[in-house]
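Protein chains in written order, with the UniProt record's numbering: chain A, 1 to 153; chain B, 1 to 153. Working notes, structure below.
Number of protein chains: 2
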Amino acid sequence: MDKTIVNTVAKLAQSAFVKKEVPIGAVVIDAQGIIIGRGYNRIHGHKDATEHAEVRAIKQATKRLRDWRLDNCQLVVNVEPCLMCLGAIANSRIGQVTYFLADPAFGSIESRLTLAQLKKLFPKLIIKKVVDTGETKALLQQFFKQLRSKRSS
Amino acid sequence: MDKTIVNTVAKLAQSAFVKKEVPIGAVVIDAQGIIIGRGYNRIHGHKDATEHAEVRAIKQATKRLRDWRLDNCQLVVNVEPCLMCLGAIANSRIGQVTYFLADPAFGSIESRLTLAQLKKLFPKLIIKKVVDTGETKALLQQFFKQLRSKRSS
């Protein structure tokens, strides 16, 4: 995985963290490897449950290309996408999704669907997992630790 | 099903049809039965694959309530929701979804998932099907007939 992409995703997750959102960041990359869409989780700030990092990155990319079809593009996100996001990725015709860390609660790849189910639901989508160096996990742990201490104070 | 809701969904689907979009309409209804979100399919016009009727209705409802949580609300749509929309419905904490007509290609309820899978993925979501009087089917058939004749001319 290209270091620039990993760093951009990490920075986007950090932007979410700073705004007290679950630290998730995503990018859409075109066939030339250029980042054409960036997004980070903004559910609470925008008061909208559809404002996930992946959806926001897709929206930015479609706006840039002036086309809802993101053929030959791929999406990279630090946390396993939820069902809504996986559906949005497939609806946008993105060819490949790469994620770094599983999300046992809401993840819709390894966590809540089997490979056979995924193949049936998204026959054209290539799904990859790149093992995180620990950055995503550390940021998420920090986020939930702060949340817990805020709730108990 | 309340006649006002059925008529509103039909009108929204008609609005999509007039704009040469697949004729799908959706509403979000609050606990008092008041329509707080309306949406129709706008993928082509807005060049954005996430602009499905259900997502647009959810966005309008969350804007109105100034909250991403649509607890005690329900969503009604004329066509079986896709996976993205079903995910968005669950993410928004909508309690019930009602649809009129199956979508064998993209539908994520009866068409591409089993009841057991749905229960596992969306344990709290109540899913209902109200058999359409034929209006949705007729409008969809008219839409695809026009599309075919346009393509072959």
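Every residue gets a Cβ at the ideal spot worked out from N, C-alpha and C, and that includes glycine.
- With its beta carbon at least 8 Å from every one in chain A, A102(B) lies outside the interface.
- Interface residue (Cβ-Cβ distance to chain A less than 8 Å): L125(B) is not classified as such.
- Secondary structure at F100(A): strand, using DSSP grouped into helix, strand and coil.
- Proximity of K59(A) to chain B, defined by a Cβ-Cβ separation below 8 Å, is satisfied.
- For V55(A), the nearest CB of chain B lies under 8 Å from its own CB, placing it at the interface with that chain.
- DSSP places I58(A) in the helix class (H, G or I) of the three-state scheme.
- Where R151(B) is concerned, the enclosing alpha helix (DSSP H) starts and stops at 135-152.
- Counting along the chain, no alpha helix (DSSP H) covers G95(B), and no H or E run does either.
- In the three-state reduction of the DSSP assignment, A31(B) falls in the coil class.
- For the segment 113-139 of chain B, the beta-carbon criterion of a distance under 9 Å to any beta-carbon of chain A is satisfied by L113, Q117, K120, L121, F122.
- The residues N78, V130, D132, T136, in chain order, have a CB closer than 6 Å to that of F100(A) in the same chain once the five nearest residues on each side in sequence are set aside.
- For A10(B), the CB contacts under 6 Å within the same chain, skipping 5 residues up- and downstream, are E135 in chain order.
- For I127(B), the enclosing beta strand (DSSP E) has its first and last residue at 126-129.
- Collapsing the DSSP output to three states places N7(A) in a helix.
- With respect to I94(A), L65(A) sits apart: the two C-beta atoms are not nearer than 8 Å.
- Take D71(A), set aside five residues on each side of it, and the residues of its chain with a beta-carbon closer than 6 Å to its own are R93, in chain order.
- Put simply, of K128(A), P123(A), I89(A), L115(A) the residue whose alpha carbon is nearest the alpha carbon of T98(A) is K128(A).
- For a Cβ distance threshold of 9 Å, nothing in chain B lies close to R38(A): the least Cβ distance comes to about 16 Å.
- Listed along the chain, the chain A residues whose CB falls inside 8 Å of the CB of R66(B) are K47.
- Within the segment 78-105 of chain B, the residues whose Cβ lies closer than 8 Å to some Cβ of chain A are C82, L83, M84, C85, L86, G87, A88, A90, N91, S92, R93, listed in chain order.
- Boundaries of the alpha helix (DSSP H) harbouring L121(B): 115-121, taken from the DSSP string.
- Rounded to whole angstroms, the gap between the alpha carbons of G107(A) and S153(B) is 45 Å.
- Contact of I43(A) with chain B by beta-carbon distance below 9 Å involves W68, N91.
- In the structure shown, the three-state DSSP call for L75(B) is strand.
- Going by C-alpha positions, L86(B) is about 31 Å away from R151(B).
- Our two residues, N7(A) and A13(A), have alpha carbons roughly 10 Å apart in a direct line.
- Listed by position along chain B, the residues whose Cβ is nearer than 9 Å to that of T62(A) are H46, K47, D48, A49, T50.
- With respect to the 8 Å criterion, A57(A) and V27(A) are classified as neighbours on the basis of their beta carbons.
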